[in-house]
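Sequential numbering from 0 applies to the sequence shown in numbering that gives the first Met the number 0.
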Amino acid sequence: MLRVLLTLAGHHYELRQFHFHAPSENTIEGHSYPMEAHLVHADKEGNLAVVAVMFKQGKANPTLEKIWREMPKKMLQEKHLPQSVNAMGLLPKDKTYYRFNGSLTTPPCSEGVTWLVMKHYITASKAQIEAFERTVGVPNNRPVQPINARVILK
Ligand SMILES: [Zn+2]
């Protein structure tokens, strides 16, 4: 099995799952995006770190192309990918991020989640974004939370 590790201040997290929201849940400097990926990582104690990546409409994303072939037909359904997918294909080249502490936006809403929101977006084609929106049916984001409860490290 492919192990994807994330290290934050000497602390190791492993990639557990990823999922998508449309439109984006987070905003970057007031901008929302048509789609957002959440790469959910956990450490040995179960502490979570979520890497959030925004998608803008543009060139098709080849990694997304592979993932979409296995897309669950309904919201909140989980699926195991038959072949490994390189999660690096869901990250921008420039990996600078905003970091803040918050909670998960989908149940269970556990506290103590470290969020790493990538400052740079990646692209997905119109068809890729629409394919996801069709599956989701209704927007699955939720209202943007007030930012004052969070500490942002730049
Ligand atoms: Zn999410």
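Note that the Cβ used here is the ideal one computed from N, Cα and C, for glycine as well.
For residue i and residue j, what's the separation of their Cα atoms in angstroms?
i      : j     : result
Ile128 : Ala59 : 9 Å
Asn100 : Asn46 : 12 Å
Lys125 : Thr6  : 33 Å
Leu89  : Thr62 : 7 Å
Met87  : Lys94 : 10 Å
Glu132 : Glu44 : 34 Å
Gly57  : Ala36 : 16 Å
Considering Cα atoms alone, identify which of the options is closest to residue i.
i      : options              : result
Gly29  : Phe19, Tyr12, Met53  : Met53
Gly111 : Thr122, Val49, Ala36 : Val49
Leu80  : Leu89, Met87, Met70  : Met70
Arg98  : Pro91, Ala36, Thr113 : Thr113
If the criterion is Cβ atoms closer than 7 Å, does the pair residue i and residue j meet it?
i      : j      : result
Ser23  : Tyr32  : yes
Val84  : Lys65  : yes
Phe19  : Met34  : yes
Val39  : Arg68  : no
Phe21  : Val135 : Reading off the sequence shown, one finds Ala at residue 21, where the question assumed Phe. Going by C-beta atoms, Ala21 is nearer than 7 Å to Val135.
Thr122 : Lys78  : no
Which residues in the same chain as residue i place their Cβ atom closer than 7 Å to its Cβ, once the five residues preceding and following it in sequence are excluded?
i     : result
Tyr96 : Leu115, Val116, Met117, Lys118
Asp42 : His10, His11, Tyr12
Using a threshold of 6 Å, is the CB atom of residue i nearer than that to any non-hydrogen atom of ligand 1?
i      : result
His119 : no
His37  : yes
Can you give me the Cβ contacts of residue i inside the same chain, cut-off strictly under 6 Å, excluding the 5 residues immediately before and after it?
i     : result
Pro91 : Met117, His119, Ile121
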